[in-house]
Amino acid sequence: MPLHQSIISVNQEDKQNMTKTNPGNYFEDFTVGQKLVHATPRTITSGDVALYTSLYGPRFALQSSALFAQSLGYRDAPVDDLLVFHVVFGKTVPDVSLNAVANLGYAECRFLRPVYVEDTLTATSEVIGLKENSNGKSGVVYVRSTGFDQRGDAVLDYIRWVMVHKRDQGSRAPEAQVPELKTALSENDLCVPETLALERYDRQEAGSSYLWDDYAIGEKIDHVDGITVEEAEHMMAARLYQNTAKVHFNQFSADKGRFGRRLVYGGHVMSVARALSFNGLANAQTILGINGGRHVAPLFAGNTVFAWTEVLDKAAVPGRSDCGALRLRLVATKDQPCDGFPDKDEDGKADPAVILDLDYWVLMKRAS
Amino acid sequence: MPLHQSIISVNQEDKQNMTKTNPGNYFEDFTVGQKLVHATPRTITSGDVALYTSLYGPRFALQSSALFAQSLGYRDAPVDDLLVFHVVFGKTVPDVSLNAVANLGYAECRFLRPVYVEDTLTATSEVIGLKENSNGKSGVVYVRSTGFDQRGDAVLDYIRWVMVHKRDQGSRAPEAQVPELKTALSENDLCVPETLALERYDRQEAGSSYLWDDYAIGEKIDHVDGITVEEAEHMMAARLYQNTAKVHFNQFSADKGRFGRRLVYGGHVMSVARALSFNGLANAQTILGINGGRHVAPLFAGNTVFAWTEVLDKAAVPGRSDCGALRLRLVATKDQPCDGFPDKDEDGKADPAVILDLDYWVLMKRAS
Amino acid sequence: MPLHQSIISVNQEDKQNMTKTNPGNYFEDFTVGQKLVHATPRTITSGDVALYTSLYGPRFALQSSALFAQSLGYRDAPVDDLLVFHVVFGKTVPDVSLNAVANLGYAECRFLRPVYVEDTLTATSEVIGLKENSNGKSGVVYVRSTGFDQRGDAVLDYIRWVMVHKRDQGSRAPEAQVPELKTALSENDLCVPETLALERYDRQEAGSSYLWDDYAIGEKIDHVDGITVEEAEHMMAARLYQNTAKVHFNQFSADKGRFGRRLVYGGHVMSVARALSFNGLANAQTILGINGGRHVAPLFAGNTVFAWTEVLDKAAVPGRSDCGALRLRLVATKDQPCDGFPDKDEDGKADPAVILDLDYWVLMKRAS
């Protein structure tokens with residue numbers, strides 16, 4: 001019995017007969033329109049930010065320096081966008097994906113306002129679609145998850161779809177409802193802080209002279225460096241996000257599984273690749289949105305991650321002439337340098353070294 | 001020559017002839033009534049808390065969210081009880097257990113008041129018992145250790161007994177004095193913050209609907225999940241606690257030793273097991289006291305820790321009807337899931353997978 | 001083309017034809033008198049300090065306790081000197097040593113004023129010497145690097161010389177200019193905070209009764225303990241310092257290299273050895289300067305680090321009778337305990353176990 005229901009409807013007697021551990025939700029437990037309130041509010045601290053730095057080594061000046069951030073009109077260095085994403089995502093796991101077969105995709109992920117140290121994040125999800133698989137064993141659940149700060153203001157929202165086991169194969173399927181998803185956010189969906197001011201932007205401090213104007217659609221950038229991932233690192237990361245998905249932590253059980261290894265949390269790969277992308281995109285100070293993302297293949301400890309970027313699109317930011325948005329495709333590989341831009345073949349099949357294919361928008365200063 | 005004595009009595013000439021490194025205290029160096037002032041005061045920061053989260057992944061709402069804590073009458077999110085325990089314990093190591101053969105037990109551990117970020121902790125110990133072993137090679141030292149905050153208020157005290165080497169087998173033994181130890185703290189020994197207020201307690205945020213009333217004496221809970229421990233993690237933890245016990249850090253020396261491996265700090269196992277126990281005990285927001293604990297077998301990096309709980313007792317909290325105390329037995333295993341509740345056999349011999357057997361009191365909201 | 005030049009002189013058209021990743025500077029890119037402004041300002045937080053504690057386990061009271069620091073006239077616990085060094089050093093890597101063959105040495109490193117949590121550090125370097133190697137393939141670059149806080153006050157400066165590849169072997173060499181370097185800083189070069197007050201210095205809290213007066217020139221101290229280093233630890237450290245030197249992170253590339261292993265950042269060894277030196281030097285609360293340092297041999301994960309100290313010199317601190325300076329030689333080894341003080345042989349050849357030979361000044365209270 002799922003947590004959010006038990007709180008509302010379970011009486012004392014029933015509870016005595018149930019396990020007190022969280023069994024997670026099965027496909028039958030979800031209904032379209034259902035609201036899930038996720039557990040464990042989380043106050044973000046400078047300690048979380050330091051761990052994020054230590055785990056990935058990001059060098060974007062906006063998150064690294066309170067002074068640089070203030071020179072751009074932020075009240076302090078904002079918390080890294082992906083740290084916010086991972087914390088909110090982690091909260092959804094016990095209610096959405098504890099019984100997942102696979103995480104299928106993301107869409108329409110928008111970073112709505114900056115998060116600062118001392119903000120307390122909470123998360124809710126709404127079920128927006130359901131579709132049973134033809135085999136009767138599982139189904140796809142679509143949720144829109146939202147992260148809030150302590151003022152109740154939304155800081156992030158995104159759509160995720162997951163394949164979830166059914167508890168009982170014989171149970172009747174709900175009518176299929178599949179939401180329409182945008183292929184990509186448009187510039188009107190992107191939120192730029194109103195206080196953003198770029199006159200004092202210091203490219204030397206930021207680490208690159210290349211601005212929005214310097215990037216061309218179709219341009220490819222090899223981020224050169226590689227980072228080898230260790231078990232202690234990806235587990236410390238997932239615990240920092242209070243992400244409890246079993247596959248990341250339990251080697252005893254992994255020994256009996258398909259891979260024989262603990263799986264690195266997909267979001268860890270996103271953060272490693274984003275940090276690598278500094279070398280070539282140092283002025284991409286903040287992520288505005290994620291259009292979609294695919295964890296093409298699993299990553300294991302001991303693998304070395306490389307990354308390359310393709311510029312997919314460029315857009316003006318409505319109402320501003322000092323900055324623009326770049327739509328980027330960030331491809332990460334394992335154990336293969338990216339000077340050859342490993343990609344799909346003619347049949348659309350990904351190069352076997354590719355582990356992540358992420359489509360996202362960043363904000364970048366324009367030449368004045 | 002032990003530190004606490006050298007400070008008082010050693011003159012300049014003597015010192016020139018001595019090593020400047022700390023040799024630790026031997027059995028002969030202890031006398032009943034002796035007070036030890038431990039070194040290195042420690043200001044606890046939000047960085048320490050973030051590392052604790054990253055190393056164990058606790059999800060109890062009280063320590064995770066400043067807002068949740070404030071809704072319960074705390075002025076901020078308190079520092080995790082076991083983090084406080086480990087920091088105080090770490091300070092005692094150089095003076096109490098540097099020459100220990102074995103850590104034999106804990107008793108009467110009371111968490112006396114919440115510790116917050118920016119508090120500075122110090123520690124002292126008083127020798128309360130001594131008993132030479134019949135082999136003349138070592139003896140048991142009983143100490144009561146106390147942690148203080150910057151106001152001089154005690155935040156934690158506990159009794160520990162340790163088997164310590166004698167420096168000289170021929171030295172004369174002191175008269176045996178063995179303190180009487182309580183098997184368990186009673187409800188009158190437990191300290192609940194006076195400002196605690198539970199009317200606004202949010203079970204959805206806390207992550208479970210099960211309250212004090214829902215737990216029955218004798219009930220067993222399998223905490224389901226397993227966590228594999230890495231060398232980098234347990235060493236980072238022990239260093240965070242400024243715990244310098246040699247067995248945790250030195251593989252070169254361990255290669256020549258009994259196990260051939262570095263030993264994981266026993267407190268690390270306590271914290272892993274406590275974090276696992278969230279799944280089944282999410283409303284056990286704070287530890288009131290530890291009645292006793294036994295590190296039944298050593299844990300090594302690469303092992304996967306599982307845990308289960310038995311409800312040993314339930315008690316009212318004097319003067320309060322909104323919360324109660326649960327006396328829990330937390331058993332941790334290595335490389336063995338706990339769905340079968342691995343335990344002692346008829347002869348009282350522990351299952352070989354068991355590594356920790358901890359008897360402690362938690363605070364939990366009562367149904368109103 | 002090096003970053004600092006591209007910002008000044010590259011026009012739009014040129015940039016379209018260049019890679020956007022940082023190729024680093026080659027020997028030909030440096031000229032004596034050239035100023036390099038390094039990227040990514042960094043606000044130091046209590047999270048960074050906690051990670052430093054967790055990675056090395058330092059126990060010096062000054063950095064551990066805000067109260068102890070305040071009792072000595074500091075406004076808060078200062079950030080560990082070597083953490084400041086590593087952060088400033090990390091910033092110089094992309095501009096100074098990305099194409100380095102080898103890091104040859106340090107000199108005249110002075111800690112100029114305390115750094116506190118919330119200070120924002122930036123760094124610049126000035127090229128003070130150049131000398132091409134006779135093989136025409138590389139040359140030695142001498143830089144003086146300076147770290148600044150948000151007020152623009154210098155907190156640290158040091159000279160470093162590095163052997164750097166030439167881009168083109170045929171390019172003409174500049175006239176050799178080799179700066180004169182001091183063998184050691186004199187007491188007049190050392191900066192002691194004006195507010196320092198030692199009347200309330202508590203040796204019990206500090207952990208040792210041995211003061212400046214107790215150390216004799218020529219005295220050797222074995223620091224006894226050993227610490228095994230893990231891959232996750234040294235990489236987390238280097239990323240915390242935003243140090244991007246490729247050799248620390250990329251096992252895929254290391255597999256094809258000379259050692260087959262990732263190299264541990266030399267500064268990591270300095271910090272491990274400094275933390276070990278607490279056992280024997282607990283009152284050496286702060287580093288005043290580094291006279292020179294040599295990374296004698298590489299360290300790899302899995303090695304166990306030991307350390308010993310030789311007292312090289314003692315000096316009064318100008319204008320103060322309450323404290324003095326000790327000039328120490330800190331020698332670190334791998335996989336060899338230091339009770340025999342492993343050192344150079346008669347021919348000056350280092351014991352093969354030695355990995356670090358550091359010559360530095362510390363501040364210590366004098367007996368009153």
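Protein chains in written order, with this note's numbering: chain A, 1 to 368; chain B, 1 to 368; chain C, 1 to 368. C-beta atoms are modelled at their ideal positions from N, C-alpha and C, and glycine is treated no differently.
What do you reckon, are the CB atoms on residue i and residue j nearer than 9 Å?
i, j, result
"Asn250(C)", "Gly207(A)", "no"
"Gly226(A)", "Phe252(C)", "yes"
"Ala237(A)", "Ser209(A)", "no"
"Leu326(A)", "Trp212(A)", "yes"
"Ala282(C)", "Leu356(C)", "no"
"Lys91(A)", "Thr31(A)", "no"
"Gln242(A)", "Thr53(B)", "yes"
"Leu363(C)", "Ala284(C)", "yes"
"Lys246(C)", "Ala297(C)", "no"
How far does the beta strand (DSSP E) with residue i in it extend, from its first residue to its last?
i, result
"Val32(C)", "No beta strand (DSSP E) holds Val32(C); DSSP gives it neither H nor E."
"Thr293(C)", "Position check: residue 293(C) holds Gly in this sequence, whereas Thr was assumed. Here the beta strand (DSSP E) through Gly293(C) covers Thr286 to His295."
"Glu108(C)", "Ala100 to Phe111"
"Leu196(C)", "No beta strand (DSSP E) contains Leu196(C), which DSSP labels as neither H nor E."
Are the C-beta atoms of residue i and some chain C residue less than 9 Å apart?
i, result
"Gln204(A)", "yes"
"Pro337(A)", "yes"
"His268(A)", "no"
"Leu83(B)", "no"
"Thr19(B)", "yes"
"Tyr74(A)", "no"
Leaving aside the five residues before and after residue i along the sequence, list all residues of the same chain whose C-beta is less than 6 Å from its C-beta, in chain order.
i, result
"Pro174(B)", "Leu130"
"Arg261(B)", "Ala254 and Phe300"
"Tyr142(B)", "Ile128, Gly129, Trp161 and Pro179"
"Gln34(B)", "Val127"
"Thr195(A)", "Gly73"
Please determine, among the options, the residue with the shortest C-alpha to C-alpha distance to residue i.
i, options, result
"Ser171(A)", "Arg113(A), Gln242(A), Ile287(A) and Ser138(A)", "Ser138(A)"
"Tyr215(A)", "Val79(A), Ser54(A), Leu328(A) and Asp351(A)", "Leu328(A)"
"Asn103(A)", "Tyr116(A), Ala69(A) and His165(A)", "His165(A)"
"Gly136(A)", "Asp343(A), Asp168(A) and Ala123(A)", "Asp168(A)"
"Thr183(B)", "Val305(B), Ser368(B), Tyr360(B) and Leu121(B)", "Tyr360(B)"
"Asn291(A)", "Pro298(A), Arg110(A) and Asn99(A)", "Arg110(A)"
"Ala353(C)", "Asp347(C), Asp343(C) and Val362(C)", "Asp343(C)"
"Leu112(C)", "Val192(C), Gly293(C) and Asp345(C)", "Val192(C)"
Using a Cβ-Cβ distance cut-off of 9 Å, determine whether residue i contacts chain A.
i, result
"Gln16(B)", "Note that Gln16(B) scores a pLDDT of 43, beneath 50, so its modelled location is shaky and nothing firm can be said."
"Asn279(B)", "yes"
"Met364(C)", "no"
"Leu288(C)", "no"
"Leu181(B)", "no"
Specify, as a first and last residue, the run of the alpha helix (DSSP H) that residue i falls within.
i, result
"Ser186(B)", "No alpha helix (DSSP H) contains Ser186(B), which DSSP labels as neither H nor E."
"Gly73(B)", "Here Gly73(B) belongs to no alpha helix (DSSP H), and DSSP marks it neither H nor E."
"Gly136(A)", "That residue, Gly136(A), is in no alpha helix (DSSP H); it is neither H nor E in DSSP."
"Asp47(B)", "Residue identity check: residue 47(B) is Gly in the sequence provided, not Asp. From DSSP, the alpha helix (DSSP H) with Gly47(B) extends over Ser46 to Tyr56."
Check whether the Cβ of residue i lies closer than 9 Å to any Cβ atom in chain B.
i, result
"Gly47(A)", "yes"
"Ser54(C)", "yes"
"Arg59(C)", "yes"
"Asn250(A)", "yes"
"Phe68(C)", "yes"
"Tyr210(C)", "yes"
"Glu310(C)", "no"
Leaving out the 5 sequence neighbours to the left and right, which residues in its chain are closer than 8 Å to residue i when beta-carbon positions are compared?
i, result
"Thr45(C)", "Val117 and Glu118"
"Asn17(C)", "Model confidence at Asn17(C) stands at a pLDDT of 43, short of 50, so the residue's coordinates are unreliable; what they give is reported in the following sentence. Same-chain partners within the cutoff: there are none."
"His248(A)", "His234, Met235, Ala238, Arg262, Leu263, Val264 and Tyr265"
Who are the near neighbours of residue i in its chain, counting only those whose CB is closer than 7 Å to its CB and skipping five residues on each side?
i, result
"Ser65(A)", "Ala77"
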